[in-house]
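Protein chains in written order, with this note's numbering: chain R, 13 to 408; chain F, 13 to 408.
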């Protein structure tokens with residue numbers, strides 16, 4: 013009994029993607045399996061000089077215990093920066109978290125009882141799905157099309173199941189499909205949250221990486237009744253290894269999430285909360301993000317060109333307008349998992365759709381391709397290998 | 013319904029100590045209420061130069077996503093360093109966590125079902141108690157005397173309650189009482205864990221801060237049957253703001269805690285895992301810790317001397333041999349909370365025993381004094397103010 017894993021954790025497995033990443037540590041592999049931003053875009057010099065300055069002038073503040081809510085100036089600068097996009101109003105508060113993942117975890121811990129349900133896009137981000145599972149929540153998947161989450165299916169589910177507590181969505185440049193929810197659906201989702209008395213958990217790590225530079229308004233920007241928990245991240249526009257993200261949500265929830273964070277890790281790494289604050293203050297972030305956008309836009313276009321040219325016509329795929337991922341589907345009768353196995357033999361790593369499926373053992377024809385990490389040359393070479401793998405799968 | 017806090021979190025309040033800390037931000041206050049190590053002992057120059065070197069040579073590794081288990085070399089160096097004290101054997105594994113608090117949180121999440129019980133010293137560390145509460149665990153407090161947790165009372169509780177999953181203890185320089193568990197009791201506790209099939213969660217952030225330099229063997233060092241989860245911290249010997257700690261525990265549990273950590277914060281801040289690794293490798297840590305010990309020993313002695321001289325004789329207190337805290341008790345009929353209120357008016361901050369009580373509304377005559385943060389001068393001045401407050405409380 014004493015050496016038995018708790019019910020909430022017993023069935024939870026490590027993310028399949030992590031296992032794939034281990035296989036592809038082999039440098040002869042080309043990997044389209046990561047979810048990482050491109051290291052070449054990290055503002056290393058700026059970070060190094062800001063860090064050195066903090067050690068010189070404010071070492072004690074950066075190294076001593078701090079408050080759970082996060083470094084005050086970073087909370088202010090975050091509110092200011094994202095306030096421009098309509099994120100946060102007078103009834104909201106902002107807490108700094110150790111990456112967006114922690115925001116998802118804490119919101120779930122504070123709102124979802126064991127046995128309650130979470131409604132989400134299917135497929136969806138595995139880290140969030142596993143966070144929900146780790147609190148013994150039931151997952152209800154809703155299909156995604158070119159306009160994002162199917163709000164008709166959302167309403168049907170809400171009618172059927174009275175214990176849905178959260179609607180989880182990545183509305184902009186969705187992981188793993190790369191699609192973006194239309195404005196109409198964003199507004200409709202909010203109406204449904206209101207009507208059926210549930211909260212929306214809006215996970216939006218990619219929205220600033222719009223290839224066109226045009227920002228799609230977050231669901232949170234339409235929220236006048238305190239229905240949206242907005243989870244943001246500095247991972248994709250600064251760097252992910254520092255683990256700094258934020259949550260902007262109604263005050264009653266943020267104050268409880270603060271208590272939950274206190275027992276989880278006391279506070280986020282103080283030095284890097286200060287570093288991000290100073291970066292926002294002193295660097296031209298918009299120019300930096302513009303640079304990220306151009307790089308990813310070029311890589312995505314290159315990947316799509318090569319796919320257009322080389323993939324068998326029975327394979328369909330999304331054409332993202334931002335973010336890090338393309339999603340492709342094998343034709344009827346072929347599974348994404350089968351393709352991934354063949355691709356691995358060809359030394360190219362892609363992630364099978366099943367890894368993102370609400371039902372992990374469901375049939376899934378999809379696979380996910382990441383374009384942010386590989387070089388243009390690797391994209392060219394790797395897509396050829398995926399195309400060869402597809403041919404092999406289809407025609408032996 | 014959708015805007016209702018979950019059952020596990022509904023009743024949880026922020027730590028009372030945090031609230032006291034906010035009051036004492038006023039610089040005219042003398043604070044004995046912190047749990048912080050002394051900032052003057054932080055190895056700032058070493059940390060700054062190591063950080064600069066990592067930015068120069070390994071920036072990508074330090075800033076990109078990493079594996080959940082933690083930075084490999086730090087796991088190795090931790091195993092090596094603490095292996096010398098008998099912490100960890102071939103059946104154990106070590107995971108880096110975002111401070112010892114996260115180790116406590118993850119162990120609870122992986123082992124304790126809602127409604128299960130955790131046995132702990134009463135009083136105990138509020139951060140751990142709140143972590144247990146946040147998973148809807150029941151707390152069963154066991155008295156502490158000069159030899160630590162009362163193992164007779166432990167066995168009675170284990171006989172009575174079949175759903176105890178964890179025995180939580182801070183055996184060395186206990187927070188808040190400053191006492192140390194005897195070797196005999198350590199061994200007895202292990203026997204009981206074995207006999208009643210429960211796990212021991214050994215929280216040991218202070219054990220290297222023994223004033224005499226003589227290290228008391230951890231419970232983990234006697235563990236041959238995989239009953240002990242050892243939670244360690246770099247907060248007290250390096251710095252706390254970086255949030256780097258570790259857990260050494262049986263492999264079956266560490267692998268599940270890794271999954272739990274993945275959904276909690278993906279991984280700990282990578283730069284500072286690398287910084288601590290390099291510090292362990294290149295600096296004379298034993299000399300640094302020796303220096304910490306001497307400083308704290310001097311401060312503790314100074315506080316005790318002043319208490320001996322000035323406190324009313326009806327007030328009793330512990331004489332710690334290490335760590336950060338002294339615990340005192342008012343005589344029968346007087347509460348620690350009452351004293352703290354008077355002390356606050358005298359502009360000295362101490363923490364009432366109720367803050368550490370398993371039953372938050374219980375009568376408690378105790379109060380906790382921290383000696384690591386104040387200067388020798390502040391100790392002298394502050395103890396005089398506490399003594400005055402005691403007189404005022406006792407005699408009006």
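Ideal Cβ placement from N, Cα and C applies to all residues, glycine included. Quick caveat, the model's predicted, so the values are computed rather than measured.
Quiz item: Any idea which residues DSSP pairs residue 369/R with across the strands?
Solution: The secondary-structure analysis by DSSP pairs residue 369/R with nothing; it has no beta-bridge partner.
Exercise. Have a look at residue 69/F and residue 286/F and give me their C-alpha separation to the nearest angstrom.
Key: Looking at the two C-alpha atoms, the distance is approximately 12 Å.
Quiz item: Among 247/R, 196/R, 253/R, which residue has its Cα nearest to the Cα of residue 231/R?
Solution: That would be 196/R, whose Cα lies nearest to the Cα of residue 231/R.
Quiz item: Nearest-angstrom Cα distance between residue 50/F and residue 83/R?
Solution: Inter-residue distance for residue 50/F and residue 83/R is about 20 Å (C-alpha atoms, whole angstroms).
Self-check item: Contact with chain R by residue 77/F, beta-carbon distance below 8 Å
Solution: At least one chain R Cβ lies under 8 Å of residue 77/F.
Practice problem: Grab the span of the alpha helix (DSSP H) containing residue 294/R for me, first residue to last. | Solution: Segment 282-294, the alpha helix (DSSP H) holding residue 294/R.
Self-check item: Expected contact under 8 Å - CB spacing of residue 386/F and residue 78/F to nearest Å
Solution: Actually they are not in contact, since the Cβ atoms of residue 386/F and residue 78/F sit about 38 Å apart, beyond 8 Å.
Practice problem: Taking only the alpha-carbon atoms, compute the straight-line gap between residue 346/R and residue 237/R and give it to the nearest angstrom. | Solution: Spanning the two alpha carbons is a distance of roughly 45 Å.
Exercise. With DSSP collapsed to three states, give me the class of residue 363/R.
Key: In this structure, residue 363/R counts as strand in the three-state DSSP scheme.
Quiz item: Beta-carbon of residue 51/F versus every beta-carbon of chain R: anything under 8 Å?
Solution: Using a Cβ-Cβ cut-off of 8 Å, residue 51/F counts as an interface residue toward chain R, since at least one Cβ of chain R sits closer than that to its own.
Practice problem: From the DSSP output, in three-state form, read off residue 340/R for me. | Solution: The answer is strand: DSSP assigns residue 340/R an E or B state.
Exercise. Leaving out five residues on either side along the sequence, give the residues of the same chain with a beta carbon under 7 Å from the beta carbon of residue 265/F.
Key: Correct list, in chain order: 122, 241.
Quiz item: Quick one: does residue 382/R have its CB under 8 Å from some CB of chain F?
Solution: Not an interface residue.
Exercise. Decide if the region 377-385 of chain R is in contact with the region 300-315 of chain R; the criterion is three or more beta carbon pairs, one per stretch, under 8 Å apart.
Key: Output reads yes: the region 300-315 of chain R touches the region 377-385 of chain R.
Exercise. Pull up the DSSP beta-bridge partners for residue 382/R, would you.
Key: Answer is 337/R.
Self-check item: residue 207/R, enclosing alpha helix (DSSP H) - first and last residue
Solution: For residue 207/R, the uninterrupted alpha helix (DSSP H) segment begins and ends at 195-207.
Self-check item: Close beta carbons around residue 194/R, own chain, < 8 Å, minus the five adjacent residues each side
Solution: These residues qualify, in order along the chain: 159, 160.
Exercise. Tell me whether residue 130/R counts as near the ligand NAD, meaning its Cβ is closer than 7 Å to at least one heavy atom of that ligand.
Key: This structure lacks the ligand NAD; in fact it carries no ligand of any kind.
Self-check item: Partner residues on chain R for residue 252/F, Cβ-Cβ distance less than 7 Å
Solution: From the beta-carbon of residue 252/F, the residues of chain R found nearer than 7 Å are 76, 77.
Quiz item: List, in order along the chain, the chain R residues whose C-beta lies closer than 7 Å to that of residue 282/F?
Solution: By Cβ distance, chain R contributes 253.
Exercise. Can you pull the chain F residues whose beta carbon is under 9 Å from the beta carbon of residue 123/R, in chain order?
Key: Going along chain F in sequence order, the residues near residue 123/R (Cβ under 9 Å) are 14, 15, 16, 17, 18, 21.
Quiz item: What number of angstroms, rounded off, separates the C-alpha of residue 97/R from the C-alpha of residue 164/R?
Solution: Distance between the alpha carbons of residue 97/R and residue 164/R: 27 Å.
Quiz item: By a C-beta neighbour count over all protein chains shown, 10 Å radius and 16 as the cutoff for buried, is residue 188/R buried or exposed?
Solution: Note on residue 188/R: 16 or more other CB atoms within 10 angstroms of its CB, so buried under the neighbour-count rule.
Practice problem: Report buried or exposed for residue 263/F, applying the criterion of at least 16 other Cβ atoms within 10 angstroms of its Cβ. | Solution: Exposed, since its Cβ has fewer than 16 Cβ neighbours within 10 Å.
Quiz item: Beta carbon of residue 133/R, beta carbon of residue 109/R: below 8 Å?
Solution: Result no, Cβ atoms of residue 133/R and residue 109/R do not sit closer than 8 Å.
Quiz item: Is it buried or exposed for residue 290/R, if we count other Cβ within 10 angstroms and need 16 for buried?
Solution: Residue 290/R should be labelled buried.
Quiz item: For residue 221/R, which of helix, strand or coil comes out of DSSP?
Solution: DSSP places residue 221/R in the coil class of the three-state scheme, outside both helix and strand.
Quiz item: Expressed to the nearest angstrom, what Euclidean distance is found between the alpha-carbon atoms of residue 91/F and residue 252/F?
Solution: Note on geometry: alpha-carbon atoms of residue 91/F and residue 252/F lie some 20 Å from one another.
Self-check item: Neighbouring residues, chain R, relative to residue 63/F (Cβ below 9 Å)
Solution: Per Cβ cutoff of 9 Å: 60, 63, 64, 67, 283.
Self-check item: Reference residue 221/F; option with closest CA among 297/F, 205/F, 334/F
Solution: Measuring from the Cα of residue 221/F, the nearest candidate turns out to be 334/F.
Quiz item: At a CB-CB cut-off below 9 Å, which residues of chain R make contact with residue 211/F?
Solution: Within 9 Å Cβ-Cβ: 14, 15.
Quiz prompt | Residue-level contact to chain R via CB, residue 390/F, 8 Å cutoff | solution = Taking CB atoms only, residue 390/F has no neighbour in chain R less than 8 Å away.
Exercise. For residue 349/R, I'd like the list of residues in its chain whose CB is within less than 6 Å of its CB, leaving aside the five on either flank, ordered along the chain.
Key: If you ignore the 5 residues before and after residue 349/R, its C-beta comes within less than 6 Å of the C-beta of 364, 366, all in its own chain and listed in chain order.
Quiz item: Residues bridged to residue 262/F by DSSP?
Solution: Under DSSP, residue 262/F shares a beta bridge with 104/F.
Quiz item: Which one of 205/R, 172/R, 370/R, 192/R has the shortest CA to CA distance from residue 143/R?
Solution: Ranking the options by Cα distance to residue 143/R, first place goes to 370/R.
Quiz item: Buried or exposed: where does residue 205/F fall if 16 or more other Cβ atoms within 10 Å of its Cβ makes it buried?
Solution: Label assigned to residue 205/F: buried.
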